[in-house]
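According to the working numbering, the stretch in the sequence shown is residues 13 to 357, in order.
Each remark here refers to the structure printed beneath this line.
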Amino acid sequence: MAHPGVGQVVGWYVCTVVACIVFSARLVVRWRRFNTFYIDDYFVAASCLCLIADLAIQHLMFNWGMTEMATASKSDMINMMKMIIPGSTLYVTSLWLIKASMVCFYKRLADRTHYQRIYNIVLSLLAATWLAIFFNIIFKCFPVDRIWDMDHPERACSEKQTRINYWITILFNIFSDVIIICLPISQVLRLRMPFKQKMGVLSIFLLGILVVITSIIRAIFSYQNKQMITCTVSMIETAIAIIASSLPVLRTLFFGSRSRNGTYYNSSRGYELSHSNGPARGPLGKITASTASNVVADPTGTGLSRHDSEDELVKDAAVDDRGISVTTEYHVFSGRYSSPSVSRK
13 MAHPGVGQVV GWYVCTVVAC IVFSARLVVR WRRFNTFYID DYFVAASCLC LIADLAIQHL
73 MFNWGMTEMA TASKSDMINM MKMIIPGSTL YVTSLWLIKA SMVCFYKRLA DRTHYQRIYN
133 IVLSLLAATW LAIFFNIIFK CFPVDRIWDM DHPERACSEK QTRINYWITI LFNIFSDVII
193 ICLPISQVLR LRMPFKQKMG VLSIFLLGIL VVITSIIRAI FSYQNKQMIT CTVSMIETAI
253 AIIASSLPVL RTLFFGSRSR NGTYYNSSRG YELSHSNGPA RGPLGKITAS TASNVVADPT
313 GTGLSRHDSE DELVKDAAVD DRGISVTTEY HVFSGRYSSP SVSRK
């Protein structure tokens, strides 16, 4: 007869392996595309390490009888209680590292406007909320040996403090996820591209909704003190977060890449974050502005292809930091003949 909970333990390993494979593919694509890694890659790498460590802790707790805690020995119960602080800390740290990686990714794609300030504020809030949860985990029952002291019931931890920690973790986790999901929407909506293509780009970012749903499910099981299923949902939540944060990089695996610097462009269709400085002035002249770092000629004349890495969803920040270049062309006509065009940059 199979040990109860074995199927969930297998699920823990599947989640960890799949998340690590997806992250490894992310690193391969990043290196082959840019020969460098960014700070968000390091954040996700640290999150994967936390996930692996959390898996080891949960497996130990499973061996000590987490599925049948009512029949577990006193020594096994003490061992499991000793894992509460490191397990909770690893879970929260892993999720917050992924949140920070996503904000850093958005920040790198943003232009030098108020978006940069918004992302800096969000990063500061993430750091503050992580510290609040971390210190609450440590000091909700202090000294910490009260957690596993079964010989002195009068030293038992306060149930009220446990509930406070529960609500702080749940609310900060869900609200921060919602904020991070909403952050790139206004930027993507400014992209000049067909509606279906724009929805495709948005769908990559909106996959974070799955993480929010998983967080809510975990909160329900945690409130009901169902430890085994709570651990399982925690692994699923972290794995989905790692995969969702890596999908923008992995676009090139599914759609290919046709240019180093980004998208193709022709004179009739521009899907970049371009801004017109004024209305078209007919045959007498026109003023255009475009992001220099991700506009290249389209030799096929077929229009725009956005099948590039995630850094080119908005602009290729790794290639050029020059920002917006403005080209003004003056066309002067005299009688039936026109003088050569003069271009000033």
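Cβ atoms here follow ideal geometry from the backbone N, Cα and C, with glycine treated the same way.
Rounded to a whole number of angstroms, what is the C-alpha to C-alpha distance between Ser288 and Leu138?
-> Any answer about Ser288 is weak, because its pLDDT of 38 lies below 50 and its placement is not dependable; what the coordinates show is given next. Going from the Cα of Ser288 to the Cα of Leu138 covers about 36 Å.
Between which two residues does the alpha helix (DSSP H) carrying Lys152 extend?
-> Here Lys152 belongs to no alpha helix (DSSP H), and DSSP marks it neither H nor E.
Ordered along the chain, which non-local residues of its own chain (more than five positions away) have a Cβ less than 7 Å from that of Ala84?
-> Excluding residues within five positions, the ones whose Cβ falls inside 7 Å are Trp76, Gly77.
Within 10 angstroms of its Cβ, does Asp163 collect 16 or more other Cβ (buried), or is it exposed?
-> In the assembly as shown, Asp163 is an exposed residue. Its beta-carbon has fewer than 16 other beta-carbons within 10 Å.
Where Lys208 falls, given that 16 or more other Cβ within 10 Å makes a residue buried = Classification for Lys208: exposed.
Who are the near neighbours of Ile159 in its chain, counting only those whose CB is closer than 8 Å to its CB and skipping five residues on each side?
-> Excluding positions up to five away in sequence, the list reads Met93, Lys94, Ile96, Ile97, Cys153, Cys169.
Would the region 51-71 and the region 135-149 be scored as touching if the rule is three or more Cβ pairs under 8 Å?
-> Output reads no: the region 135-149 does not touch the region 51-71.
What are the boundary residues of the alpha helix (DSSP H) that includes Pro113?
-> The sequence shown places Ser at residue 113, rather than the Pro named in the question. 96-121 is the span of the alpha helix (DSSP H), which, as asked, contains Ser113.
Is Tyr103 buried or exposed, if buried means 16 or more other CB atoms sit within 10 Å of its CB?
-> So Tyr103 ends up on the buried side.
Exposure of Trp108, with buried meaning 16 or more beta-carbon neighbours within 10 Å | Taking all protein chains in view, the Cβ of Trp108 is crowded by 16 or more other Cβ atoms within 10 Å, so the residue is classified as buried.
Which class does Phe233 belong to by DSSP, given the choice of helix, strand or coil?
-> Here Phe233 sits in helix by DSSP.
Extent of the continuous alpha helix (DSSP H) to which Asp53 belongs | That run of the alpha helix (DSSP H) goes 51-75.
Any idea what DSSP makes of Pro206, helix, strand or coil?
-> Residue state, collapsed to three classes: coil.
What does a CB cutoff of less than 6 Å around Gly294 pick up in its chain, not counting 5 residues either side in sequence?
-> Bear in mind that the predicted position of Gly294 carries a pLDDT of just 42, short of 50, making it too unreliable to give a figure here.
Contacts around Ile241, its chain only, beta-carbon distance under 6 Å, and the 5 residues preceding and following it disregarded | Phe233, listed in sequence order.
Label Cys194 either buried or exposed according to how many other C-beta atoms from any shown protein chain fall within 10 Å of its C-beta, with 16 as the threshold for buried.
-> So Cys194 ends up on the exposed side.
Taking the alpha-carbon positions, what's the Val40 to Asp53 distance?
-> Their backbone Cα atoms lie some 11 Å apart in a straight line.
Okay, do the region 235-251 and the region 208-217 touch, 3+ Cβ pairs below 8 Å being the bar?
-> Cβ pair count under 8 Å is below three, so no.
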